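First to last, the sequence lines map onto chains A and B.
At position 29 of the first sequence (counting the first as 1) the number is 29 in my numbering, and the numbers step up by one without a gap.
Whatever position you read off the second sequence (first residue = 1), add 355 for my numbering.
Using N, Cα and C, we set each Cβ at its ideal position, and we do this for glycine too.
Computed from a predicted model, the values in this text were never measured in an experiment.
Quick notes on the structure that follows.
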Amino acid sequence: MASLTLKEISKRFGDIDALSAVDLHVPDGQFCVLLGPSGCGKSTLLQIIAGLERQDQGSVLLDQEDVDHLSPRERDVAMVFQSYALYPHMTVSENLGFGLRMRRFPKGEIRDKVLEAAQLLGIEHLLDRKPGQVSGGQRQRVAMGRALVRRPRLFLLDEPLSNLDAQLRLNVRLELKQLHRQIRTTILYVTHDQVEAMTLGDQVVVLKEGQMRQVGDPESIYNRPADTFVATFVGSPVMNLFKGKCVKEGKRFRFLHPDFSLHMGSLSLDMDGHEVELGIRPEDIECGKEEKADLKAEIAMMSNVGADQYIHARIGKAPVTLRAPKNATFCAGDIVTIPIDTRKLHIFHEGQRIN
Amino acid sequence: MNVCRLKKLGFGMGVLGAASFSLIPFLLFVSSAFKTQTEVTAIPPQIWPSFSLAFFRSAIVRYDILKYLVNSVIVAGSTTVVTVFLSALAGYGLARLPRRWSHLTLMVILACAMFPQIAIVGPVWRFLRHLGWLNTYQGLILPYVALTLPLAIWILALFFREMPEELEAAALVDGCTRLQALVRVIVPLSAPGLFTAAILTFIYAWNEFFLALLIVTDPVRQTMPVGIALFQGEHTVPWGEIAAASLMTTAPLVVMVLLFQRRIVSGLSAGAIKG
Numbered sequence: 001m002a003s004l005t006l007k008e009i010s011k012r013f014g015d016i017d018a019l020s021a022v023d024l025h026v027p028d029g030q031f032c033v034l035l036g037p038s039g040c041g042k043s044t045l046l047q048i049i050a051g052l053e054r055q056d057q058g059s060v061l062l063d064q065e066d067v068d069h070l071s072p073r074e075r076d077v078a079m080v081f082q083s084y085a086l087y088p089h090m091t092v093s094e095n096l097g098f099g100l101r102m103r104r105f106p107k108g109e110i111r112d113k114v115l116e117a118a119q120l121l122g123i124e125h126l127l128d129r130k131p132g133q134v135s136g137g138q139r140q141r142v143a144m145g146r147a148l149v150r151r152p153r154l155f156l157l158d159e160p161l162s163n164l165d166a167q168l169r170l171n172v173r174l175e176l177k178q179l180h181r182q183i184r185t186t187i188l189y190v191t192h193d194q195v196e197a198m199t200l201g202d203q204v205v206v207l208k209e210g211q212m213r214q215v216g217d218p219e220s221i222y223n224r225p226a227d228t229f230v231a232t233f234v235g236s237p238v239m240n241l242f243k244g245k246c247v248k249e250g251k252r253f254r255f256l257h258p259d260f261s262l263h264m265g266s267l268s269l270d271m272d273g274h275e276v277e278l279g280i281r282p283e284d285i286e287c288g289k290e291e292k293a294d295l296k297a298e299i300a301m302m303s304n305v306g307a308d309q310y311i312h313a314r315i316g317k318a319p320v321t322l323r324a325p326k327n328a329t330f331c332a333g334d335i336v337t338i339p340i341d342t343r344k345l346h347i348f349h350e351g352q353r354i355n
Numbered sequence: 356m357n358v359c360r361l362k363k364l365g366f367g368m369g370v371l372g373a374a375s376f377s378l379i380p381f382l383l384f385v386s387s388a389f390k391t392q393t394e395v396t397a398i399p400p401q402i403w404p405s406f407s408l409a410f411f412r413s414a415i416v417r418y419d420i421l422k423y424l425v426n427s428v429i430v431a432g433s434t435t436v437v438t439v440f441l442s443a444l445a446g447y448g449l450a451r452l453p454r455r456w457s458h459l460t461l462m463v464i465l466a467c468a469m470f471p472q473i474a475i476v477g478p479v480w481r482f483l484r485h486l487g488w489l490n491t492y493q494g495l496i497l498p499y500v501a502l503t504l505p506l507a508i509w510i511l512a513l514f515f516r517e518m519p520e521e522l523e524a525a526a527l528v529d530g531c532t533r534l535q536a537l538v539r540v541i542v543p544l545s546a547p548g549l550f551t552a553a554i555l556t557f558i559y560a561w562n563e564f565f566l567a568l569l570i571v572t573d574p575v576r577q578t579m580p581v582g583i584a585l586f587q588g589e590h591t592v593p594w595g596e597i598a599a600a601s602l603m604t605t606a607p608l609v610v611m612v613l614l615f616q617r618r619i620v621s622g623l624s625a626g627a628i629k630g
């Protein structure tokens, strides 16, 4: 087990900055998730940490010790790949034991450790099969087992669940979280799925185009997104964002949009006359049919996601998504009122959060 | 329905035509090998042989064909082993080099294979004489390796390039060195590619005539193709013995290709990636 520290890691591929000055500290035993859209450099970062790829600048430290000059073999990290990358010519048991064999563990010890890991993951009945003869979910477990069996200092998981179907993904996600509780090894987990990031991570790092946009626990990422990218990338349905102008009205500020205006409460910065973006999450809007609210919207469409219903509506021309109350029945064309809770507003200026 | 049947018929006829076109000469000499001396020279030609083994006996006893066979096996076998070993290393390197450079290198390698044999045979001969390797096995193996390497490297480089890089990355993280990753993970999975390279190399070295004729003039070290060509006396052409010897040269190749074909077809890489 080890803590991981990245210092100003940069990497270029041709003209593209894959990573620019990434700084990160993952304490020992933490489950850290790198979240970002595809092509944001998260897999590259993982490969640099594993030693498979070389950074142009910066350094990787395990337990405050520089490991830049070490080969992947010497770093003693384990990696689970998106494609699993199981060795198809070896049985499951040989796959699990491969890392131990390469490190010249005695045969008996390898057998015990392989069995132990297989039992932990519930795949002991598959040990004699080849990877081609087991199901997708089982392959994923074998890949986890191959990483687990060595008890490495650090786990690197590169989108390990993205090849599973939805139902299985949910189960494995829970098991993974439980597994981490049991073994308490530091995990760095890469995903583009914000739900995975929010449910698994102790710490979430949001990456875009090789830059860290925000680091924090899932709650702060969700409740206080640092910029408009994080605000729209995390959360489902996507946060409503309105572009408009800020004007001062006494001590308070008013937000002016071509289609509507509303009070924003007080701001710490004087934004009088500036362009701002106003964000509000669909689940933070409690709509009703009462008359006294700030805004009115016409319903365009309803969408049902099972536990919740969402309303897609328009305020004038501006589209807005909001959560429908339980058991509410609305039709397209109905007018709903939208009361806005100013405490739940996210206000951005030039993309950055200002409230 | 009728059109469909017609199409099938046309297809069958086409296959039959193509197959007979290439197989009839082969069948003719197979039949000649099993004839007797009078049947070979019979007019009108006799198609069906009497399955006499006289020509085989004569080829082995009078022309000492087994000696040539042994030479061929040694030369072609060694060439194959050396070529496949070297081209596996080179091909792996080229497969993992940045694409631009590997492409350039592969092109240069291909260019080396473009020289007509007649253009290089003089220097090769002088070079081998200087080494004192004329009339030796290594005198044949060396130029054969040089001539078969480009194709083998191409085959393997392209094959290795198709191997998912994640497999290697997994092996590296699991504690392999680069070379161990190649030997323990990539090579076992590349069996089809390796067999293809090996068969093509072996066939080339087995059939090569021109260099073998010039480099090895001592009958003790001559290979099959040269040996058979030299059956011809001043006044006689021993057609029967030539046919029998040719059959003995071809049969091992056919058997080998059929055997390895199965290995090539068996999809060894199933299940590596999600699938």
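- For the segment 512-532 of chain B, residues whose beta-carbon sits nearer than 8 Å to a beta-carbon of chain A comprise Pro519, Glu521, Leu522, Ala524, Ala525, Ala526, Leu527, Val528, Asp529, Gly530, Cys531, Thr532.
- The C-beta distance from A/Gly265 to A/His257 rounds to 16 Å, too long to fall under 8 Å, and the pair is not in contact.
- Shown here, B/Pro471 sits in coil according to DSSP, grouped into three states, outside any helix or strand.
- In the assembly as shown, B/Met469 is an exposed residue. Its beta-carbon has fewer than 16 other beta-carbons within 10 Å.
- For A/Asn171, the uninterrupted alpha helix (DSSP H) segment begins and ends at 166-183.
- B/Gln535 reaches chain A at Met102, counting residues in chain order whose Cβ is nearer than 8 Å.
- Take B/Leu608, set aside five residues on each side of it, and the residues of its chain with a beta-carbon closer than 7 Å to its own are Ile558, Trp561, in chain order.
- Using a Cβ-Cβ cut-off of 8 Å, B/Val540 counts as an interface residue toward chain A, since at least one Cβ of chain A sits closer than that to its own.
- One Cα belongs to B/Phe410, the other to B/Ala584, and the distance between them is close to 16 Å.
- Listed along the chain, the chain B residues whose CB falls inside 7 Å of the CB of A/Pro72 are Leu527, Val528.
- Selection B/Ile510, B/Asn490, B/Arg481, B/Trp594 evaluated against B/Lys390 yields B/Trp594 as nearest (Cα-Cα).
- Secondary structure note for A/Gln140: its alpha helix (DSSP H) is the uninterrupted segment 136-148.
- What B/Pro543 touches in chain A, judged by beta-carbon distance under 7 Å, is His89, going in chain order.
- Under the DSSP assignment, A/Ile354 falls outside any alpha helix (DSSP H); it carries neither an H nor an E label.
- In this structure the segment 46-65 of chain A does not lie against the segment 195-205 of chain A, because fewer than three pairs of beta carbons, one per stretch, are closer than 8 Å.
- Close to A/Leu170, with beta-carbon spacing below 7 Å, lies no residue of chain B; the smallest spacing is near 18 Å.
- The DSSP-derived three-state label of B/Val479 is helix.
- In the pairwise beta carbon analysis, the segment 368-382 of chain B is classified as not touching the segment 303-314 of chain A: fewer than three pairs are separated by under 8 Å.
- Within the segment 244-312 of chain A, the runs of beta strand (DSSP E) at least 3 residues long that lie entirely inside it are, in chain order, 252-257, 260-265, 275-280, 295-304.
- Using a Cβ-Cβ cut-off of 9 Å, A/Val77 is close to Val528 of chain B, given in chain order.
- By the criterion of a C-beta distance shorter than 8 Å, B/Leu527 is surrounded in its chain by Arg533, Ala536, once the five residues flanking it on both sides are discounted.
- Taking a C-beta cut-off of 7 Å against chain B, the contacting residues of the segment 27-60 of chain A are Ala50, Leu52, listed in chain order.
- Under the 8 Å Cβ criterion, the segment 153-160 of chain A does not count as touching the segment 124-138 of chain A, having fewer than three qualifying pairs.
- For A/Thr91, no alpha helix (DSSP H) encloses it, and the DSSP letter there is neither H nor E.
- Taking each of A/Leu4, A/Phe31, A/Gly41 in turn and checking the Cα distance to A/Ser10, the smallest one comes out for A/Gly41.
- Nearest in C-alpha terms to B/Phe564, of all of B/Val370, B/Val575, B/Gly582, is B/Gly582.
- A distance below 8 Å separates the beta carbons of A/Leu45 and A/Leu34.
- The beta carbons of B/Val542 and B/Leu549 sit closer together than 8 Å.
- At the C-beta level, A/Lys208 and A/Phe229 come within 8 Å of one another.
- DSSP, read as helix, strand or coil, puts B/Ala536 in helix.
- Cβ contact annotation for B/Leu568 (same chain, cutoff 6 Å, sequence separation greater than five): Val581, in chain order.
- Ranking B/Ile597, B/His590, B/Pro498, B/Val575 by CA distance to the CA of B/Thr556 puts B/Pro498 first.
- When C-beta atoms of the segment 105-118 of chain A are compared with those of the segment 69-89 of chain A, fewer than three pairs fall below 8 Å, so the two segments do not count as touching.
- Selection A/Asp23, A/Ala2, A/Gln57, A/Pro339 evaluated against A/Arg12 yields A/Gln57 as nearest (Cα-Cα).
- Classified as buried, B/Pro505 has 16 or more neighbouring CB atoms from the shown chains inside 10 Å of its CB.
- Note that the C-beta distance between A/Asp23 and A/Ser3 is not below 8 Å.
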